[in-house]
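Peer 1: Okay, so the sequence shown: first residue is 39 according to my numbering, each after it adds one.
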Amino acid sequence: MSTADVQKTQAKTGSKPTRDDTGSLKFGLVLFDDENDPKAGWCSVNGSPAKRIEGMNELATDTLWWSNMTYESFFRTTEAWRNPWLRHDAYLVTKPKDVLQEWGYDPATSPADFIVKFCSMVFARMMTMAAKLVREALPKLSPTNIFTGNTLREDLRRLLPEAEFPRGEAATIMRQGQAFAEFTRTTVRGIKGARIFVLRKPRVSYAFQMLTTPVPVGPFDFLPRSELRSITSDRVEWIRTETRPCMVEVAVQQMEAEVAPVYGFGNSMDKDKRIPRSWVAHPEFLTMAAFSEIEVKSAWVGKEYAQMNLALPDPVKAFLSDRYTELSWCAGVIAETLWRAAALGEPKGRMPQVAPEDRAHTSWRGAWLKAADKTAMFLDAMKLTEMGYATVSYGLGWVSCLVTDDQIPDLVRDAMTIGLMPKFNDVPDGMFAPNRPIPWGGDQNNMTKMLLQFTMTKDRDFLWNFDKLPLYDKGQREQMLRQMLEARKKQQM
Numbered sequence: 039m040s041t042a043d044v045q046k047t048q049a050k051t052g053s054k055p056t057r058d059d060t061g062s063l064k065f066g067l068v069l070f071d072d073e074n075d076p077k078a079g080w081c082s083v084n085g086s087p088a089k090r091i092e093g094m095n096e097l098a099t100d101t102l103w104w105s106n107m108t109y110e111s112f113f114r115t116t117e118a119w120r121n122p123w124l125r126h127d128a129y130l131v132t133k134p135k136d137v138l139q140e141w142g143y144d145p146a147t148s149p150a151d152f153i154v155k156f157c158s159m160v161f162a163r164m165m166t167m168a169a170k171l172v173r174e175a176l177p178k179l180s181p182t183n184i185f186t187g188n189t190l191r192e193d194l195r196r197l198l199p200e201a202e203f204p205r206g207e208a209a210t211i212m213r214q215g216q217a218f219a220e221f222t223r224t225t226v227r228g229i230k231g232a233r234i235f236v237l238r239k240p241r242v243s244y245a246f247q248m249l250t251t252p253v254p255v256g257p258f259d260f261l262p263r264s265e266l267r268s269i270t271s272d273r274v275e276w277i278r279t280e281t282r283p284c285m286v287e288v289a290v291q292q293m294e295a296e297v298a299p300v301y302g303f304g305n306s307m308d309k310d311k312r313i314p315r316s317w318v319a320h321p322e323f324l325t326m327a328a329f330s331e332i333e334v335k336s337a338w339v340g341k342e343y344a345q346m347n348l349a350l351p352d353p354v355k356a357f358l359s360d361r362y363t364e365l366s367w368c369a370g371v372i373a374e375t376l377w378r379a380a381a382l383g384e385p386k387g388r389m390p391q392v393a394p395e396d397r398a399h400t401s402w403r404g405a406w407l408k409a410a411d412k413t414a415m416f417l418d419a420m421k422l423t424e425m426g427y428a429t430v431s432y433g434l435g436w437v438s439c440l441v442t443d444d445q446i447p448d449l450v451r452d453a454m455t456i457g458l459m460p461k462f463n464d465v466p467d468g469m470f471a472p473n474r475p476i477p478w479g480g481d482q483n484n485m486t487k488m489l490l491q492f493t494m495t496k497d498r499d500f501l502w503n504f505d506k507l508p509l510y511d512k513g514q515r516e517q518m519l520r521q522m523l524e525a526r527k528k529q530q531m
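(1) Pick helix, strand or coil for LEU176, following the three-state DSSP scheme.
(2) Between which two residues does the beta strand (DSSP E) holding THR210 run?
(3) Taking three-plus beta-carbon pairs below 8 Å as touching, is the segment 424–441 in contact with the segment 468–488?
(4) Would you tell me roughly how many angstroms separate the C-alpha atoms of LEU324 and ALA175, rounded to the nearest one?
(5) Can you tell me which of the three DSSP states PHE218 falls into?
(6) Residues bridged to GLN292 by DSSP?
(7) Would you tell me roughly how many angstroms separate the C-alpha atoms of GLU207 and TRP338, rounded to the nearest one?
(8) Within a Cβ cutoff of 8 Å, which residues of the same chain sit near PHE70, ignoring the five residues on either side of it in sequence?
(9) Rounded to a whole number of angstroms, what is the C-alpha to C-alpha distance between ARG397 and ARG241?
(10) With burial defined as no fewer than 16 other Cβ atoms inside 10 Å of the residue's Cβ, what is the status of LYS528: buried or exposed?
(11) Under 8 Å, do ILE476 and LEU171 count as touching if we go by C-beta distance?
(12) Would you tell me roughly how many angstroms separate the C-alpha atoms of TRP317 and PRO299, rounded to the nearest one?
(13) Can you give the beta carbon distance from VAL253 to ALA344, rounded, assuming they're within the 8 Å contact cut?
(14) When you compare only the Cα positions, how much space is there between PRO55 and TYR510?
(15) Does THR325 come out as helix, strand or coil in the three-state DSSP assignment?
(16) Are the segment 217–226 and the segment 397–416 touching, with three or more C-beta to C-beta distances below 8 Å?
(17) Contact criterion: CB-CB distance below 8 Å. Does ASN95 meet it with respect to chain C?
(18) Below 8 Å on the Cβ atoms is my contact criterion, and I expect ARG37 with SER431 to pass it. Report the Cβ-Cβ distance as a whole number of Å.
(19) Starting from the C-beta of THR51, find all residues in its chain whose C-beta is less than 6 Å away, skip the five residues before and the five after it, and write them out in chain order.
(20) Do you know offhand how far ASP131's Cα is from LEU190's?
(21) Closest by CA to ASP193, which one among ILE211, ASP151 and ALA169?
(22) Identify the continuous beta strand (DSSP E) that holds ILE456 and give its terminal residues.
(23) For a test of the three-state rule: what should DSSP assign to ALA337, helix, strand or coil?
(24) Can you tell me the Cα-Cα spacing of GLY302 and THR225, whole angstroms?
(25) From which residue to which residue does the beta strand (DSSP E) around PHE65 run?
(26) Could you check how far apart the C-beta atoms of VAL255 and GLY340 are, in whole angstroms? I think they sit under 8 Å.
(27) Could you compute how far the alpha carbon of VAL44 sits from the alpha carbon of TYR143?
(28) In terms of DSSP beta bridges, what is ALA17 paired with?
(29) Taking the straight line between their C-alpha atoms, what separation do you get for THR281 and ALA410?
(30) Does the segment 150–169 touch the segment 119–139, meaning 3 or more C-beta pairs lie closer than 8 Å?
(31) Taking only three categories from DSSP, how would you classify LYS77?
(32) Out of curiosity, what's the CA-to-CA distance linking SER53 and ASP100?
(33) Quick one: Cα of LEU214 to Cα of PRO314, how far?
(34) So what does DSSP say about GLY513, is it helix, strand or coil?
(35) Alpha carbon to alpha carbon, how far is PRO134 from ASP272?
(36) Give me the residue from GLU331, PHE329 and SER336 with the minimum Cα distance to ALA319.
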């Protein structure tokens, strides 16, 4: 389906939303010919026809430009970061090539003019949704001040309750690889000639799961080994049953043989940055204790637990619980952005005046969210491993496997029984009939199942129209959905 087809489909389903939460700001994509050199390339604004440019000086200043520049080239090897209207490819939690794949297009074969036109439409829609959410939660915030961060996570962080960050000695242990893992690389070996196949949780329901995770409230007190010994002779059991939040210093003496390669405790993602893992947050400790022999050395113990979702602004609660949010791909990306924003490091302007090595990489709640994500995705990775698939990495709501082409249909079916979905682009053509129920073992929300149905049957037109529902006023959404369903019935007659 071309972008012209997309626009025709959009026109059939009613008028466009009229509310303007972005002021005069537009949204575009620029695809540089060389992702490491911001000179010549293609660009498009809000889905307009693509055009060639010869340099950044041709990019309009009333537009927020998403680009294909890598973080490294954007901030370190070029001066592109000096342009306040330009953003790197990781500004969103999905990159432009991911957008294409998740909408069923191959980044390697799609022409550049199509890529910029389609991705700028998606980017404009997503940013308009984000602006609408921010303006509802913070009506006094000027539209010109909504998108000022290096990532959308930084921009949406303002919608969340203030995070508590470790200080002093506690801050020195709160480091990537030492106290938490954002991604896990397993030591499972794949089949020669196999390819990576990514499966993920439905974004909205997973974001809700993460944001309802009990998170710690401080202050935290340090309990050394000697003090723990005076409290109990069984330190593992004491941590297991403690109702207060605990960040625990551990030594893993032994882990069950079939679990260890998948759990990957302390496995490094970077061969040049191998950091010995010695601390785990409470959720991860409870999971590990089920299949590991653990020695508890010390612990930081907090005051109590709280649920962050209860302290969210009402518009954010409404956004996450609205049934139409479940149907929208763009809204799903925003939901993922919100929970990942809750685990960010401290804003630069608020960092204490200490050496970088003495700063925490995340907040107390961030460590708990990362632990909750690690354990949730480990359980899914383990289930796939037990089914006979080579799970090679997981984290942030997804699991990746190494599979041969002939394994893909079975993997897709098995993954859906445990609540994981493939990318649109990876669904085998004709695998599922349009009018038959899709087997699904995940979230039983009707809207999630409807989203699954149209994704697995590769009905891109319908998904595209679903996607814009959150942009309409609440009173219009039911009517719009009915119109879409009626139009689809007529097309099938």
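Where is the CB? At the ideal position from N, CA and C, for every residue including glycine.
Bear in mind that the values here come from a model prediction, so they are computed numbers and not experimental data.
Peer 2: On the basis of the supplied data:
(1) By 1-based counting over the sequence shown, the position of residue 176 is 138. Residue state, collapsed to three classes: coil.
(2) Position 172 of the sequence shown, counted from the first residue, corresponds to residue 210. Premise fails: THR210 lies in the alpha helix (DSSP H), 207–211, not in any beta strand (DSSP E).
(3) Short answer: they don't touch.
(4) On the sequence shown, position 286 is the one that residue 324 refers to. On the sequence shown, position 137 is the one that residue 175 refers to. Rounded to whole angstroms, the separation of the alpha carbons of ALA175 and LEU324 is 36 Å.
(5) Residue mapping note: residue 218 aligns to position 180 of the sequence shown, counting from 1. Residue state, collapsed to three classes: strand.
(6) By one-based count along the sequence shown, residue 292 stands at place 254. Answer by DSSP bridge pairing, in chain order: GLU331.
(7) Stepping through the sequence shown from its first residue, residue 207 is reached at position 169. Stepping through the sequence shown from its first residue, residue 338 is reached at position 300. Cα to Cα, the separation comes out at about 10 Å.
(8) Here residue 70 refers to the residue found at position 32 of the sequence shown. Excluding the 5 residues flanking it on each side, PHE70 has same chain C-beta neighbours closer than 8 Å at PRO76, LYS77, ALA78, GLY79, SER105, ASN106 and MET107, in chain order.
(9) Locating residue 397 in the sequence shown gives position 359, where the first residue counts as 1. Locating residue 241 in the sequence shown gives position 203, where the first residue counts as 1. So the two alpha carbons sit approximately 31 Å from each other.
(10) Working through the sequence shown from its first residue, we reach residue 528 at position 490. LYS528 should be labelled exposed.
(11) As a first step, residue 476 is located in the sequence shown; it is residue number 438 there, counting from the start. As a first step, residue 171 is located in the sequence shown; it is residue number 133 there, counting from the start. Against a cut-off of 8 Å, the Cβ pair of LEU171 and ILE476 comes out as no contact.
(12) Taking the sequence shown and counting its residues from 1, the one referred to as residue 317 is at position 279. Taking the sequence shown and counting its residues from 1, the one referred to as residue 299 is at position 261. Taking the straight line joining both Cα atoms gives about 19 Å.
(13) Working through the sequence shown from its first residue, we reach residue 253 at position 215. Working through the sequence shown from its first residue, we reach residue 344 at position 306. Confirmed, about 6 Å.
(14) The residue you call residue 55 lines up with position 17 of the sequence shown. The residue you call residue 510 lines up with position 472 of the sequence shown. In this prediction, PRO55 scores a pLDDT of 47, lower than 50, which makes its location untrustworthy; no coordinate-derived value is stated.
(15) The residue given as residue 325 occupies position 287 in the sequence shown. THR325 sits in a helix when the DSSP states are folded into three classes.
(16) Contact holds between the segment 217–226 and the segment 397–416, because three or more Cβ pairs, one in each stretch, are under 8 Å apart.
(17) The structure shown has no chain C; it contains just one protein chain.
(18) Any answer about residue 37 is impossible in this case: the structure gives the chain only from 39 up to 531.
(19) Walking along the sequence shown from the start, residue 51 turns up at place 13. Because THR51 sits at a pLDDT of 38, beneath the cut-off of 50, its placement in the model cannot be relied upon, and the following sentence gives the value as read from the coordinates. Hits under 6 Å: ASN503, GLN521 and MET522.
(20) For the purposes of this step, residue 131 is taken as residue 93 along the sequence shown, with counting starting at 1. For the purposes of this step, residue 190 is taken as residue 152 along the sequence shown, with counting starting at 1. The sequence as given places Val at residue 131; Asp does not occur at that position. VAL131 and LEU190: Cα-Cα distance of roughly 8 Å.
(21) Translated into positions along the sequence shown, residue 193 becomes position 155. Closest option to ASP193, Cα to Cα, is ALA169.
(22) Counted from its first residue, the sequence shown places residue 456 at position 418. Segment: none, ILE456 is in no beta strand (DSSP E) and carries neither H nor E.
(23) In the sequence shown, the residue the question calls residue 337 occupies position 299. DSSP places ALA337 in strand when its eight states are reduced to three.
(24) Position 264 of the sequence shown holds residue 302. Position 187 of the sequence shown holds residue 225. So the alpha carbons of these two residues sit roughly 7 Å apart.
(25) If you number the sequence shown from 1, residue 65 lands on position 27. PHE65: member of the beta strand (DSSP E) spanning 64–72, first to last residue.
(26) Start at 1 with the first residue of the sequence shown, and residue 255 comes out as number 217. Start at 1 with the first residue of the sequence shown, and residue 340 comes out as number 302. The pair is a contact, with the Cβ atoms about 6 Å apart (cut-off 8 Å).
(27) Within the sequence shown, numbered from 1, the residue matching residue 44 stands at position 6. Within the sequence shown, numbered from 1, the residue matching residue 143 stands at position 105. Residue placement at VAL44 cannot be trusted, given a pLDDT of 43 that sits under 50; what the coordinates show is reported in the next sentence. CA-to-CA, the gap between VAL44 and TYR143 works out to about 13 Å.
(28) No answer is possible for residue 17: the residues shown for the chain start at 39 and end at 531.
(29) Working through the sequence shown from its first residue, we reach residue 281 at position 243. Working through the sequence shown from its first residue, we reach residue 410 at position 372. One Cα belongs to THR281, the other to ALA410, and the distance between them is close to 16 Å.
(30) In short, these stretches touch, since the Cβ pair count reaches three.
(31) The residue given as residue 77 occupies position 39 in the sequence shown. Strand.
(32) Taking the sequence shown and counting its residues from 1, the one referred to as residue 53 is at position 15. Taking the sequence shown and counting its residues from 1, the one referred to as residue 100 is at position 62. Its pLDDT being 40, under 50, SER53 is placed unreliably in this model, and the coordinates cannot settle the point.
(33) If you number the sequence shown from 1, residue 214 lands on position 176. If you number the sequence shown from 1, residue 314 lands on position 276. According to the sequence provided, residue 214 is Gln. The question's Leu does not apply to it. Answer to the nearest angstrom: the Cα atoms are 10 Å apart.
(34) Taking the sequence shown and counting its residues from 1, the one referred to as residue 513 is at position 475. Three-state result, GLY513: helix.
(35) Along the sequence shown, one-based indexing puts residue 134 at 96. Along the sequence shown, one-based indexing puts residue 272 at 234. One C-alpha to the other measures close to 51 Å.
(36) Mapped onto the sequence shown, residue 319 falls at position 281. Measuring from the Cα of ALA319, the nearest candidate turns out to be SER336.
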